[in-house]
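Data block below; observations after.
Protein chains: 2
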Amino acid sequence: MRSIGLDVGGTKVLGVVVDVSGTVLDEHRVLTPSTDGVLLVAAMAEVVTVLHDRHGEVATVGAGVAGLITRDGMARFSPNLSGVVELPVAALLSEAVGLPVALDNDATCALRAEHRRGAARGVDDVALVALGTGVGGAFILDGELRRGASGFAGEIGHMVVDVGGVPCVCGRRGCWERYASGTGLGRMGREAAEAGRAPRLVELAGGDPLAVRGEHVTAAAAEGDAAALAVVDVLAGWVAIGLVNLCQALDVARFVIGGGLAEAGDVIIEPIRRAYDERAVGAAYRPRVEIVAAQLGEQAGAVGAALLAASMP
Amino acid sequence: MRSIGLDVGGTKVLGVVVDVSGTVLDEHRVLTPSTDGVLLVAAMAEVVTVLHDRHGEVATVGAGVAGLITRDGMARFSPNLSGVVELPVAALLSEAVGLPVALDNDATCALRAEHRRGAARGVDDVALVALGTGVGGAFILDGELRRGASGFAGEIGHMVVDVGGVPCVCGRRGCWERYASGTGLGRMGREAAEAGRAPRLVELAGGDPLAVRGEHVTAAAAEGDAAALAVVDVLAGWVAIGLVNLCQALDVARFVIGGGLAEAGDVIIEPIRRAYDERAVGAAYRPRVEIVAAQLGEQAGAVGAALLAASMP
Chain A
1 MRSIGLDVGG TKVLGVVVDV SGTVLDEHRV LTPSTDGVLL VAAMAEVVTV LHDRHGEVAT
61 VGAGVAGLIT RDGMARFSPN LSGVVELPVA ALLSEAVGLP VALDNDATCA LRAEHRRGAA
121 RGVDDVALVA LGTGVGGAFI LDGELRRGAS GFAGEIGHMV VDVGGVPCVC GRRGCWERYA
181 SGTGLGRMGR EAAEAGRAPR LVELAGGDPL AVRGEHVTAA AAEGDAAALA VVDVLAGWVA
241 IGLVNLCQAL DVARFVIGGG LAEAGDVIIE PIRRAYDERA VGAAYRPRVE IVAAQLGEQA
301 GAVGAALLAA SMP
Chain B
1001 MRSIGLDVGG TKVLGVVVDV SGTVLDEHRV LTPSTDGVLL VAAMAEVVTV LHDRHGEVAT
1061 VGAGVAGLIT RDGMARFSPN LSGVVELPVA ALLSEAVGLP VALDNDATCA LRAEHRRGAA
1121 RGVDDVALVA LGTGVGGAFI LDGELRRGAS GFAGEIGHMV VDVGGVPCVC GRRGCWERYA
1181 SGTGLGRMGR EAAEAGRAPR LVELAGGDPL AVRGEHVTAA AAEGDAAALA VVDVLAGWVA
1241 IGLVNLCQAL DVARFVIGGG LAEAGDVIIE PIRRAYDERA VGAAYRPRVE IVAAQLGEQA
1301 GAVGAALLAA SMP
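Residue numbers (the numbering used here), protein chains in the order written: chain A, 1 to 313; chain B, 1001 to 1313.
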């Protein structure tokens, strides 16, 4: 039998269907209606239905959703999905699609997949850091996924790193994800474009400095554009600040960088490694932390959700 | 048989001798010679010898030292003890005192003691945050002390919370312990005193604004001095920023506040609770985190080290 896994992020709902061996047979995606819980569940149901119609023989559905997810399938709160407040996603989606549904945090799903078959394989102390619209996280410590007292561990995007800094969707200032995310990269790119420092970014954005997004920056950086590379270096510095904070607390041996930004590969990962080495505390006295890109790409969360679904009793 | 436990912080070496039931029979302390590893071990040996001479029948010694401590008794690096670099403390101390010595991180020792007999008893997901010269930390997650890949977990004092902020002993800027510590409280007190806003602090410091230390601030706050209470509120805000960061990552159910600052009790703890509630993310959607003072006071680390020693094979 097959399972369908969904990854619900701030931008898109991505679904995959996997077979018993865990091989991805197909995917489907729609934009995330982030401000309305009912529409969000309807979008999730649409993705399930499309994949189910194409492939049949689906037994279970898993979904990873950004935010505070209880162990009994309730999405309590999500800073980047304003429509998600006390939303019984598992029950609603199950009723909509007529299949059992398991719910978990999106980053936890991604780490489950990367640990089983990707960049976290064989590592007992490892953190997944998903750089997307926001920043998600999940930890395996001493070989076990850490859920926390309420199941809410890993909400690292709202770690304050710059106390008087950029206002955040959570109502505070200076949260890590305001900088170390696709959103942050886009903002830094627009600032460079508006200041006249980044003509290639403006070009890629169709001539409008205010239309510059994160993917324009990584694309220009991949071409070798100096202005874009400088913006990526600033982003990498912010990413490294948070990674060092996490390693100070948790002493992980490896960071797996996922999320949309990791899709850019070494253009992003190499500057993060350099910036990390510049900021590590007591680096001479501890093993070098590995920083690697997620291997399952943007499908990691959906695949991990499908793995979760396949393990349902 | 009895065990001796030592707690080596940035300011003092505190030793206790405990009997088989874990009852503390006596304590002895000396100032920490922090800049010289040989003198530091000699100071530790002196404390052991004094307690041993007084009580006899001591079988084992445990020591908790701030910094990166390997599982085989090496103190690799300590930001607040500049004399500690690649120092085989367990071997050196054992040779000096003729007893077997177990070594661990100081905050890990304190949490071991608080979990066994103090403020962390019965809690499966709990962090100790020791506010002293610096900030130390240790975590119990799912009921187990988390050591990390190299044994270096819990070095939370060097979590950056204010990226362009106050220079830190670690060479970076804006580390949490520059603010949320006795050192930070003293600096904030001196700033208030020098600005002429805190006459009572100047008085307690013997008339010299530059002599104001953290304990003058907590003493004046306990008297109800408005200027001191305002400084404590600023400190509490900084403490809360880091506690929220940790809870976002780890989802603990309780914080146990230890270290020298916790000695002030509710004068410190209550403002931290209020500041935490103002800053918690998604507070309406998660259980309220408990913030309590350590119960074993400044002896916690030494008692935990003695418990570690008593458990030596």
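From the three backbone atoms N, C-alpha and C, an ideal C-beta is built for every residue, glycine too. All figures in this text were calculated on a predicted structure; none of them were measured in a lab.
Using the beta-carbon of each residue, which ones in chain B are nearer than 7 Å to residue i?
i: I241/A; result: V1160 and V1163
i: I156/A; result: Q1248 and A1249
i: N80/A; result: Ordered by position in chain B, no residue passes the 7 Å Cβ test against N80/A, which lies about 12 Å from the chain.
i: E105/A; result: Position check: residue 105/A holds Asn in this sequence, whereas Glu was assumed. The premise fails here: N105/A is roughly 11 Å from chain B at the closest Cβ pair, so nothing lies under 7 Å.
Listing by chain order, which chain A residues have their CB less than 7 Å from the CB of residue i?
i: F1077/B; result: G282 and Y285
i: S1150/B; result: D251, R286 and P287
Using a C-beta to C-beta distance shorter than 8 Å, which residues of chain A count as neighbours of residue i?
i: S1034/B; result: Chain A residues near S1034/B: none, gap ~16 Å exceeds 8 Å.
i: D1125/B; result: G148 and A149
i: L1068/B; result: G282, Y285 and R286
i: L1087/B; result: Those within 8 Å of L1087/B in chain A number zero; the least Cβ separation is about 11 Å.
i: L1051/B; result: Those within 8 Å of L1051/B in chain A number zero; the least Cβ separation is about 30 Å.
Using 8 Å as the limit for Cβ to Cβ distance, is residue i near chain A?
i: F1255/B; result: no
i: D1277/B; result: no
i: C1170/B; result: yes
i: L1092/B; result: no
i: L1145/B; result: no
Taking only beta-carbon atoms, is residue i less than 8 Å away from chain B?
i: L235/A; result: no
i: A128/A; result: One detail in the question is off: residue 128/A reads as Leu in this sequence, not Ala. Output row for L128/A: interface = no.
i: L25/A; result: no
i: L229/A; result: no
i: L40/A; result: no
i: L204/A; result: no
i: L141/A; result: yes
Under 8 Å by Cβ, that's how I've got residue i and residue j pegged, so tell me the actual separation to the nearest angstrom.
i: H216/A; j: G189/A; result: 6 Å
i: G15/A; j: G83/A; result: G15/A to G83/A, Cβ: 19 Å. No contact.
i: V1101/B; j: A1149/B; result: Actually they are not in contact, since the Cβ atoms of V1101/B and A1149/B sit about 24 Å apart, beyond 8 Å.
i: A294/A; j: A300/A; result: 5 Å
i: L279/A; j: V244/A; result: For the record, residue 279/A in the displayed sequence is Arg; it is not Leu. Indeed, because the Cβ distance is near 5 Å, the residues count as touching under 8 Å.
i: A90/A; j: L103/A; result: 4 Å
i: A75/A; j: A107/A; result: Going by Cβ atoms, the distance from A75/A to A107/A rounds to 14 Å, so no, they are not a contact pair.
i: L87/A; j: L111/A; result: That belief does not hold up - the Cβ atoms of L87/A and L111/A are roughly 23 Å apart, past 8 Å.
i: G1010/B; j: L1081/B; result: 6 Å
i: A1066/B; j: V1008/B; result: 7 Å
Going by beta carbon distance, what residues of the same chain come within less than 8 Å of residue i, once the five residues before and after it are set aside?
i: V1030/B; result: K1012, V1013, A1043, E1046 and V1047
i: D142/A; result: D124 and D125
i: G174/A; result: V160, V161, D162, V163, G164, G165, V166 and C168
i: I1269/B; result: I1257, A1262, I1291, V1292 and A1293
i: I272/A; result: A236, V239, A240, L243, I257 and I291
Which chain B residues are close to residue i, counting only those with a beta carbon under 8 Å from its beta carbon?
i: G10/A; result: None at all; the shortest Cβ gap to chain B is about 15 Å.
i: A153/A; result: A1249, L1250 and D1251
Take residue i and list the residues in its own chain whose beta-carbon comes closer than 6 Å to its own, dropping the five residues that flank it on each side.
i: S3/A; result: V18, T60, A306, A309 and A310
i: V126/A; result: A120, I140, V252 and R254
i: R1200/B; result: A1220 and D1225
i: S181/A; result: L131, G134 and V135
i: G214/A; result: G182, L185 and G186
i: N105/A; result: I69
i: P33/A; result: L39, L40 and A43
i: G1169/B; result: Position check: residue 1169/B holds Val in this sequence, whereas Gly was assumed. So the list reads P1079, once near-sequence residues are dropped.
i: A275/A; result: A236, G237 and A240
i: V1212/B; result: G1189, R1190, A1193, L1201 and A1205
i: V1289/B; result: C1247
Mind listing the chain A neighbours of residue i? Cutoff is C-beta to C-beta under 9 Å, in chain order.
i: A1226/B; result: Correct list: empty, because the minimum Cβ distance to chain A is about 24 Å.
Can you give me the Cβ contacts of residue i inside the same chain, cut-off strictly under 7 Å, excluding the 5 residues immediately before and after it?
i: L229/A; result: A221
i: A1192/B; result: A1198, L1201, A1227 and V1231
i: W176/A; result: V135, I156, G157, M159, V161 and G242
i: E1263/B; result: G1297 and E1298
i: R178/A; result: G165, V166, C168 and G184
i: V303/A; result: G5, V16, V18, V24, A113 and L296
Run through the stretch 87-121 of chain A for me and flag every whole alpha helix (DSSP H) of 4 or more residues, listed as ranges in chain order. 89-97 and 106-117
Any beta strand (DSSP E) of 3 or more consecutive residues that is wholly inside the stretch 1012-1068 of chain B: 1012-1018, 1024-1031 and 1058-1065
Can you give, in chain order, each stretch of the beta strand (DSSP E) that sits fully within the stretch 128-182 of chain A and has at least 3 residues? 135-141
What are the start and end residues of each continuous alpha helix (DSSP H) run of 4 or more residues lying completely inside the stretch 1207-1271 of chain B, in chain order? 1214-1223 and 1226-1250
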